[in-house]
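Chains as they are written, first to last, in the numbering used here: chain A, 145 to 339; chain B, 16 to 561.
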C-alpha cells in the first residue's frame, strides 16, 4: 500500500507536495536495504560495481546513468513481487553511490591513496565510508535529526531536510547526500570488509 | 550612591550633581559592554570554545589594571567636578553642555553643590569589570597562543646561523693500480703518489653567507646588520637612490598621505551604481544602521543559498534582486573576486526613466556624486604617486572601468532585449549608462533565471552564455522531451536525478519550471557556479577596481 502511495506521489502528484513524497521514498529505500538478504545485497552491489567500471564507462554522465539504469533493471528483472521492488530500490541507492564516488573521493585524494596504498580499492572504499560517516555525523548534530529512537519515516524526513539544506548551500547534490546517508544508516555503518 | 555627611541637598536646599568620576566610570563600563556585544563576546558558543587560559589571563589583567587605575587615579576620593541637569547657576564655575526645553546639562565645579558619587567599592568593582571587558575584547584563543609562542621566538636557537664549512670530501674509491702505487710509496720505492694522490674535492663557490657566524658576538652581528641597511638605503638596484626618492616623495606628500588614508580606511575602490524601480527591501532605520556598520560582507555571503524561493510580500522581488546581485558580484565562493559589497550601490525606488535622465542631464544626486568623486579623486592620487615607485605601483585603470551606471527596470510591458547604451559626461570623462527592462519578478524559478541573465548582461557588456560555456554535455544531451519523460517513471528516482546535470536551467529546459519537485533537488551548484564564473571573467574584462 505504501509503495503504491509513493509511486503515485512521484508519478502524478509530485507538484503538490514534493517533500513528503521524497521522505516516503527515502523511508522505502531504507526499509528495502534493511529487508534485503545480505548476500543478495552484496551481489547486487558487486554486479553494479563491475558494470559501472567496465561496460558503463563513458565520458558523458548521461550515457553512464542510462547504462547503469539499464543494468540495474535487468539485474532485478528475474526476481518477483516484493523482492524485485526491494532489489530495484537497493540498486537505486547503490547506483547513485557509485556515481557519487568521484564527488566524495575527488581525483586528487584518489591519486594520493593510489600512490600510497597497495590495495587502493579497499583504501578508497574505507575513505568513502569515512566520508559517509562524517555526513551522518553532521546529520546527527543538525536540527533535522529526529533523535536516536525515531522511526524510519521521521528519520527519512530528517534526511530529506538535511540533504535539501546541504544541496542548497554546498556543492553536493541532493541525491548523493541522501543515497550516502541511506546506505550508511540502512547497513548500520558496516564497512565493506565486515559486510 | 554616597553623599558626604552634612551636605544633604534636601535639607540644605543646595543643588546636587553627579560626580564626574562616577559618570566616567559608568560611561566607560557601558562603552565596554556595548563593544563586547558588538564583537559577539556574549555568545554562548564563543564562551564554549574559549580556552581557560583566556579567562585566567583576562581575570588577572582586570584585577591588576582595575586596581592600579583605582589607586593611582585616586578614584576613592570624591569628584571635584559634577554633571547635573538644571539651569546654570548665576555664580560658580559652570558650563552648559546641552540645552533643551529650558533645561540644560551643566558641567562645573562649585563647593556648594552636592556631588553624588558611587561608593569606593562600587568604583573599584566597575574598573575591574572594565578591565575584564577590555581584556576579553583583546584576548582570544589566538592571542593566547601567540603569547605562548613568545619565549620560543626569542630563543637563541631560533636565530639562523651560517652553517660551518663542510670538510673537503676525499675520494673513497681507489683503483687497483693506485693501491699498488700506494704500497710502493709506503715501501719507499717512489717519492710521490702522482695521480693517485688523494685529491681534495672541488669546493663549490656558493653565495657568501650573511647570516650570523657561529662565533660572532651579538654586537658585531647587530652592527653588521645596521651597516647593511644603511648601504641598502644609499645604493639601490635601479633608478634613483633612496634619498632622491625620499625628496621626490616629499614633493608629493599630500597625495601620498591621501592615498595611504584611502587604503587604510578601506574606501571603495570603484563606484558602480545600479538603479531599479523595486522598493527598498530594508526601509527600517535599524536595518540601515546594521548595513552601515557591516564591514566586509564576504563571510556572510559565502553561505548564501543557491536558489532561494522568492519571499511573499512587496519586499520579495527586492530581496531576490539583492540575492542575485550578491551571488553575481560578491560571493567569495566563486572566483575570480571582482568587487566588494560597498563598491556596487543599488538605488532602490528609482524613477523608470532614471537612465534616460542620467544621459541628458548632469549628475545631481549628492550620494552618487560623492561616491563617484571619491573614487575618481583616489584614481587621480594614484596616478600622481605612481611615477614615484613605478616598479611596485599597479597600473591605474581608466575611469570608465571603475565608475559605471546601470538601470534594471521592471515593467509589465517589457520584452526581452539587449541593453540600451547611453553616455554620461562627468569630470571630463564619459561614462557608459546601460539600461535593461524586464517583466516583473514572480515566484517561479524561471523568473530568477531571467533575472540572473538580465543582470549579467547589464553588468558585463558582451556577456553570453551558451552550450559551449555550459557544464551541460554537448554531445550526448538528451532531448528536453525525453528528459522530461524520464522523470515520469518513479523507478530509480535517485539515479535518474543525475540526468539533471545535463539540464542547464540557464540554457532553457523550461519543462523544469513545471516540476517543482525536481527544482527542489536540482543541482544548482553545478550550473550556477559555472554561470557566475563565466560572468565574472567577462565582467573583469570591462570593469575593475583601483
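Cβ atoms here follow ideal geometry from the backbone N, Cα and C, with glycine treated the same way.
Please list the terminal residues of the continuous beta strand (DSSP E) segment that includes residue i.
| i | result |
| --- | --- |
| residue 108 of chain B | 108-115 |
| residue 82 of chain B | Counting along the chain, residue 82 of chain B falls outside any beta strand (DSSP E), though it belongs to the alpha helix (DSSP H) covering 67-87. |
| residue 118 of chain B | 118-124 |
| residue 32 of chain B | 31-34 |
| residue 447 of chain B | 444-453 |
| residue 97 of chain B | 97-101 |
| residue 361 of chain B | 359-362 |
| residue 437 of chain B | 435-441 |
Hey, residue i and residue j are a contact pair by Cβ (cut 8 Å); roughly how many whole angstroms apart?
| i | j | result |
| --- | --- | --- |
| residue 379 of chain B | residue 360 of chain B | Actually they do not touch by this definition, with Cβ atoms about 16 Å apart. |
| residue 522 of chain B | residue 544 of chain B | Not quite, the Cβ-Cβ distance comes to about 15 Å (not below 8 Å), so this is no contact. |
| residue 348 of chain B | residue 317 of chain B | 5 Å |
| residue 502 of chain B | residue 213 of chain A | The Cβ separation is near 12 Å, so there is no contact. |
| residue 291 of chain B | residue 365 of chain B | 6 Å |
| residue 450 of chain B | residue 356 of chain B | The Cβ separation is near 23 Å, so there is no contact. |
| residue 274 of chain B | residue 397 of chain B | 6 Å |
| residue 469 of chain B | residue 423 of chain B | 7 Å |
| residue 540 of chain B | residue 252 of chain A | Not quite, the Cβ-Cβ distance comes to about 19 Å (not below 8 Å), so this is no contact. |
| residue 192 of chain A | residue 272 of chain A | That belief does not hold up - the Cβ atoms of residue 192 of chain A and residue 272 of chain A are roughly 15 Å apart, past 8 Å. |
| residue 414 of chain B | residue 444 of chain B | 4 Å |
| residue 646 of chain B | residue 100 of chain B | Summary: the structure shown does not reach residue 646 of chain B, with chain B confined to residues 16 through 561, and so no result is reported for it. |
| residue 362 of chain B | residue 288 of chain B | 6 Å |
| residue 208 of chain A | residue 202 of chain A | 5 Å |
Where does the unbroken alpha helix (DSSP H) through residue i begin, and where does it stop?
| i | result |
| --- | --- |
| residue 299 of chain A | 296-313 |
| residue 390 of chain B | 381-400 |
| residue 424 of chain B | Counting along the chain, residue 424 of chain B falls outside any alpha helix (DSSP H), though it belongs to the beta strand (DSSP E) covering 418-425. |
| residue 157 of chain B | 156-168 |
| residue 274 of chain B | 268-279 |
| residue 185 of chain A | 182-197 |
| residue 206 of chain A | 205-221 |
| residue 126 of chain A | The requested residue 126 of chain A does not occur in the structure, where chain A is confined to residues 145 to 339. |
Go through its chain and collect everything with a Cβ distance to residue i's Cβ below 7 Å, but skip five positions before and after it.
| i | result |
| --- | --- |
| residue 171 of chain A | 296, 297 and 300 |
| residue 320 of chain A | 240, 244 and 247 |
| residue 332 of chain A | none |
| residue 296 of chain B | 330, 333, 334 and 337 |
| residue 208 of chain B | 196, 197 and 200 |
| residue 265 of chain A | none |
| residue 554 of chain B | 353, 474 and 475 |
| residue 452 of chain B | 424, 426 and 429 |
| residue 441 of chain B | 378 and 387 |
Please work out which residues of its chain come closer than 6 Å, Cβ to Cβ, to residue i, disregarding the five sequence neighbours upstream and downstream, and give them in chain order.
| i | result |
| --- | --- |
| residue 332 of chain B | 293 and 456 |
| residue 476 of chain B | 557 |
| residue 324 of chain A | 276 and 279 |
| residue 283 of chain B | 357 and 358 |
| residue 211 of chain A | 200 |
| residue 177 of chain B | 224, 226 and 228 |
| residue 142 of chain B | 81, 84 and 85 |
| residue 150 of chain B | 73, 76 and 77 |
| residue 2 of chain B | As shown, chain B starts at 16 and ends at 561. That puts residue 2 of chain B outside it, with no answer to give. |
If you measure between the beta carbons of residue i and residue j, is that distance less than 8 Å?
| i | j | result |
| --- | --- | --- |
| residue 268 of chain A | residue 249 of chain A | yes |
| residue 342 of chain A | residue 320 of chain B | No answer is possible for residue 342 of chain A: it lies beyond the span of chain A, which begins at 145 and ends at 339. |
| residue 36 of chain B | residue 94 of chain B | yes |
| residue 69 of chain B | residue 155 of chain B | yes |
| residue 222 of chain A | residue 188 of chain A | no |
| residue 174 of chain A | residue 326 of chain A | yes |
| residue 358 of chain B | residue 285 of chain B | yes |
| residue 550 of chain B | residue 471 of chain B | yes |
| residue 236 of chain B | residue 244 of chain B | no |
| residue 51 of chain B | residue 152 of chain B | yes |
| residue 33 of chain B | residue 97 of chain B | yes |
| residue 520 of chain B | residue 536 of chain B | no |
| residue 460 of chain B | residue 322 of chain B | yes |
| residue 108 of chain B | residue 125 of chain B | yes |
| residue 264 of chain B | residue 403 of chain B | yes |
| residue 162 of chain A | residue 505 of chain B | no |
| residue 526 of chain B | residue 499 of chain B | yes |
| residue 391 of chain B | residue 411 of chain B | no |
| residue 288 of chain A | residue 306 of chain A | yes |
Which residues in the same chain have their Cβ closer than 8 Å to the Cβ of residue i, if we skip the five residues on either side of it in sequence?
| i | result |
| --- | --- |
| residue 552 of chain B | 351 |
| residue 150 of chain A | Reliability of the predicted coordinates at residue 150 of chain A is poor, the pLDDT of 49 falling under 50, and no value is obtained from them. |
| residue 20 of chain B | For residue 20 of chain B, the predicted model reports a pLDDT of 40, less than 50, meaning its position is unreliable; a value from the coordinates is still stated below. There are no such residues. |
Those runs of the alpha helix (DSSP H) which lie wholly inside the region 470-552 of chain B and span at least 4 residues | 495-501, 508-511 and 531-534
Kindly provide the ranges of any alpha helix (DSSP H) runs that are 4 or more residues long and lie completely inside the region 229-294 of chain A, ordered along the chain.
-> 251-260 and 264-285
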